[in-house]
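Novice:
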Ligand code: PLP
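Residue numbers (full-length UniProt numbering): 1 to 396.
(1) Among residues of its own chain, excluding the 5 on either side of residue 234, which ones have a beta-carbon nearer than 7 Å to its beta-carbon?
(2) Would you identify the three-state DSSP class for residue 369, choosing helix, strand or coil?
(3) Could you give the distance in angstroms between the alpha-carbon of residue 72 and the alpha-carbon of residue 337?
(4) Would you check whether ligand 1 has a heavy atom nearer than 7 Å to the C-beta of residue 177?
(5) For residue 211 versus residue 318, is the C-beta spacing smaller than 8 Å?
(6) Considering only the beta carbon of each residue, do residue 167 and residue 198 sit closer than 8 Å?
(7) Indicate whether the contact test is met: 3 or more Cβ pairs, each with one atom in the segment 281 to 301 and one in the segment 2 to 14, closer than 8 Å.
(8) Under 8 Å Cβ to Cβ from residue 378, same chain only, skipping five residues before and after it: list those, please.
(9) Output needed for residue 61: all residues of its chain with C-beta closer than 7 Å, excluding positions within five of it in sequence on either side, in chain order.
(10) How about residue 34 and residue 357: do their beta carbons lie closer than 8 Å?
(11) Between residue 80 and the rest of its own chain, which residues show a CB-CB distance below 7 Å, the 5 nearest in sequence each way excluded?
(12) To which residues does DSSP link residue 322 through a beta bridge?
(13) Report back the beta-carbon spacing between residue 322 and residue 371 to the nearest angstrom; my notes put them in contact at under 8 Å.
(14) Counting Cβ pairs closer than 8 Å, one from the segment 361 to 369 and one from the segment 123 to 134, do we hit at least three?
(15) What span of residues does the beta strand (DSSP E) with residue 78 cover, start to end?
(16) Could you tell me whether the Cβ atoms of residue 266 and residue 46 are closer together than 8 Å?
(17) Please go through the same chain and pick out, in chain order, the residues whose beta-carbon is closer than 7 Å to the beta-carbon of residue 11, but skip the five residues on each side of it.
(18) For residue 224, tell me which candidate among 359, 180, 202, 247 has the shortest Cα-Cα distance.
(19) Does the separation of the CB atoms of residue 185 and residue 207 fall below 8 Å?
(20) Which two residues bound the contiguous beta strand (DSSP E) that contains residue 168?
(21) My output table needs one value for residue 335: the three-state DSSP class, helix, strand or coil.
(22) Is residue 239 near ligand 1, in the sense that its beta carbon is under 7 Å from a heavy atom of that ligand?
(23) Three or more beta-carbon pairs under 8 Å between the segment 172 to 183 and the segment 143 to 162, yes or no?
(24) What is the DSSP secondary structure of residue 228, reduced to helix, strand or coil?
(25) Hey, would you say the C-beta of residue 98 is under 7 Å away from at least one heavy atom of ligand 1?
(26) Can you find a heavy atom of ligand 1 that lies under 7 Å from the Cβ of residue 381?
(27) What are the start and end residues of the alpha helix (DSSP H) that includes residue 388?
(28) Just grab the DSSP bridge partners of residue 203 for me.
(29) So the candidates are 191, 146, 135; which of them puts its Cα closest to the Cα of residue 159?
(30) With residue 93 as the anchor, note down where its beta strand (DSSP E) starts and where it stops.
(31) Whose C-alpha, out of 162, 164, 135, 118, is nearest the C-alpha of residue 142?
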């Protein structure tokens, strides 16, 4: 059987591959600690679960409007005003089965064959693959641990060509944890003002998991707002990864285009999830704040433990729940059996020797780094980093 050539254009997510390998070892009875996956380990807050149970009992069991129920889109607008001081109307909002689908909708709505999409490295695995699916061209801007994994106006300007269609980034960033300040966004905005045909995809899904202060959206610059597509969702901030709820806020033309695409792919997301999402977006944010407080404690402890590892160069994450150290000091080293040549070898060595799963940086466009999550219990974090330290001490 001949499968379509589309399948050869993109890769399966490396994050999911590592989680699968970890599960396979666990099935053999090995105690694997998972620092590979990107999801809060908390339960969804009770008031959100209650709203879902009520929605089931009230028989919200039918197909929904493709962009989502009106009350949900109004709730997204309320959230954008409350948290970001941004004015949007329900016609600007399309909800979906996760920020991943929202990104796919937006890329497919905007990118044609040969269009260039500028993405600063490191970036979330899915960005480059979606661009490839759309037959666009990924143009990377390489940022490094030394410059806080952020792109500058000069680097952005240099990456732009007449074929640039889209710039996409996340702040807080998965995997680096970089968070753009208002001044840093203003510097990028000045470049975008000179290039009016570029659309900016601003992935803000880690908005609430911010360790350095207030979240800033590039959509706050009024003259750019119409060219910004905000991507967000409930997975990270409300511990709702399995519920599948993402959304965009965009100009009405892009919103309509996303609705058209989604109308053929999935239709509206789960009705029960939508009703629960209204409770999440308009309800008490204290449970979300408590999760971030716990992530803050784990971040502090993780950074203490990472400092004990010789050879790591580690940026202190300003948001999200990952550390993303440069591990290249270990390249060329061996324990007598295994030689580490790259981040993939490094990750596999830790999985097989320390029984800790991580994700190699290549998947994020940064081959010298490896991503370790701290969305795991303090006990597991302590245990995992103890094992990592011991396994790495055997490499000479
Ligand atoms: N954007 C970033 C930066 C992410 O890390 C993730 C999930 O890992 C997503 C989007 C997708 O989130 P969702 O669960 O809403 O599809």
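Beta carbons are placed, not taken as given, at the ideal position from N, Cα and C, and that holds for glycine.
Specialist: Based on what the coordinates show:
(1) 240, 243, 245, 277, 280
(2) strand
(3) 56 Å
(4) no
(5) yes
(6) yes
(7) no
(8) 297, 298, 301
(9) 271
(10) yes
(11) 86, 88, 249
(12) 373
(13) 5 Å
(14) yes
(15) Looking at the DSSP string, residue 78 is not in any beta strand (DSSP E); the run it does join, the alpha helix (DSSP H), is 70 to 84.
(16) no
(17) 129
(18) 202
(19) no
(20) 164 to 170
(21) coil
(22) no
(23) yes
(24) strand
(25) yes
(26) no
(27) 378 to 393
(28) 170, 231
(29) 191
(30) 93 to 96
(31) 118
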